[in-house]
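Student: For the sequence shown, the positions run 0 to 208 when numbering that gives the first Met the number 0 is used.
Ideal Cβ placement from N, Cα and C applies to all residues, glycine included.
Values in this document were obtained by computation on a predicted structure and should not be read as measured data.
I have a structure here, written as structure tokens, and I will follow up with some questions on it.
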Amino acid sequence: MGNIFGKKKRSRVTEQDKAVLQLKQQRDKLRMYQKRTHLQLDKERLLAKQLLKDGKKEKALLLLKKKRYQDQLLDKTENQISNLERMVQDLEFAQIEIKVIEGLKVGNDCLKKMHEVMSIEEVERIMDETQDAIEYQQQIDEMLAGSLSQEDEDAVLAELEAITQGDVELPEVPSEDLPELPEESQEKQPERDHSQRSKRTQARELLAV
């Protein structure tokens, strides 16, 4: 239990993060110094005006010289702030570049692993097998389609269309009575019917074979 709770969590703050934080703190301190100095200069300017009114020209001149020196310090401070901000931007952009490079490295590693699993030879083999399967299916389709000629196909389609539209002409049924057969013919008629049925049965069996 002691080992579990005694483990320190690994900090996600890098040295670059610490450097950026320190630079920003220095920048903020310089800005606070600028603000205080501007307020102080405004007070000294009013004081110099008051000294001139009171006839204390030498003191007013000395105060203005001090003000001029502080103005120069403010200019230097502004340059330092600009340098700090530029350094912060460079560090932050460098961190972004590092993350981009790390991402590219991870992506390259994944691609290498994928290439190891699926080599060029494997892809070519799969493509060849796929093409063979397509060609085999095309051969089957051609064999099935080749059982009838194009003329037969056209005739079947034409007949189907005619049946659909009701244009098929059926032979007319004769209105007159059929002549009666002689008795001898009537006696032999069943035999002929039986013989014809036998022939039709044999024909069907041959067609079935």
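(1) Quick one: Cα of residue 187 to Cα of residue 151, how far?
(2) Distance check for residue 15 and residue 94, CA to CA, integer angstroms please.
(3) Taking the alpha-carbon positions, what's the residue 22 to residue 43 distance?
(4) Are the stretch 23 to 37 and the stretch 55 to 64 in contact at 8 Å, needing three or more beta carbon pairs?
(5) By Cβ distance below 6 Å, which residues in the same chain neighbour residue 64 in space, the five residues on each side in sequence not counted?
(6) Look at residue 91 and residue 12 and say whether their C-beta atoms are less than 8 Å apart.
(7) Just the C-alpha distance for residue 49 and residue 41, rounded to the nearest angstrom, thanks.
(8) Could you tell me the distance, in whole angstroms, from the CA atom of residue 30 to the CA atom of residue 80?
(9) Any idea if residue 83 is buried or exposed, counting beta-carbon neighbours within 10 angstroms, 16 or more meaning buried?
(10) Mind checking residue 154: buried by the 16 CB within 10 Å criterion, or exposed?
(11) For residue 25, decide whether its Cβ has a neighbour in chain D, counting only Cβ atoms nearer than 8 Å.
(12) Just tell me which of 32, 120, 25, 129 has its CA closest to the CA of residue 86.
(13) If we require 4 or more residues per run, which alpha helix (DSSP H) segments fall completely within the stretch 38 to 126?
Tutor: Looking at the coordinates:
(1) Position 188 of the sequence shown, counted from the start, is the residue given in the question as residue 187. Position 152 of the sequence shown, counted from the start, is the residue given in the question as residue 151. Because the pLDDT at residue 187 is just 49, under 50, the model does not fix this residue reliably, and the value given afterwards should be weighed accordingly. C-alpha separation (whole angstroms): 41 Å.
(2) Residue 94 sits at position 95 when you count from the first residue of the sequence shown. Residue 15 sits at position 16 when you count from the first residue of the sequence shown. About 7 Å.
(3) Within the sequence shown, numbered from 1, the residue matching residue 22 stands at position 23. Within the sequence shown, numbered from 1, the residue matching residue 43 stands at position 44. Each residue's alpha carbon lies about 31 Å from the other.
(4) no
(5) As a first step, residue 64 is located in the sequence shown; it is residue number 65 there, counting from the start. Result list for residue 64: empty, nothing under 6 Å.
(6) Position 92 of the sequence shown, counting from 1, holds the residue named residue 91. Position 13 of the sequence shown, counting from 1, holds the residue named residue 12. No. Outside cutoff.
(7) What you label residue 49 is simply residue 50 of the sequence shown in a count that begins at 1. What you label residue 41 is simply residue 42 of the sequence shown in a count that begins at 1. Distance between the alpha carbons of residue 49 and residue 41: 13 Å.
(8) In the sequence shown, residue 30 corresponds to position 31, counting from 1. In the sequence shown, residue 80 corresponds to position 81, counting from 1. If I take the Cα positions, the gap works out to 8 Å.
(9) Taking the first residue of the sequence shown as position 1, residue 83 is located at position 84. Burial call: buried.
(10) Here residue 154 is taken as the residue at index 155 of the sequence shown, counted from 1. Flag for residue 154 reads exposed.
(11) The displayed structure is made up of one protein chain only, and chain D is not part of it.
(12) Against the sequence shown, residue 86 aligns to sequence position 87. It is 25.
(13) 56 to 116
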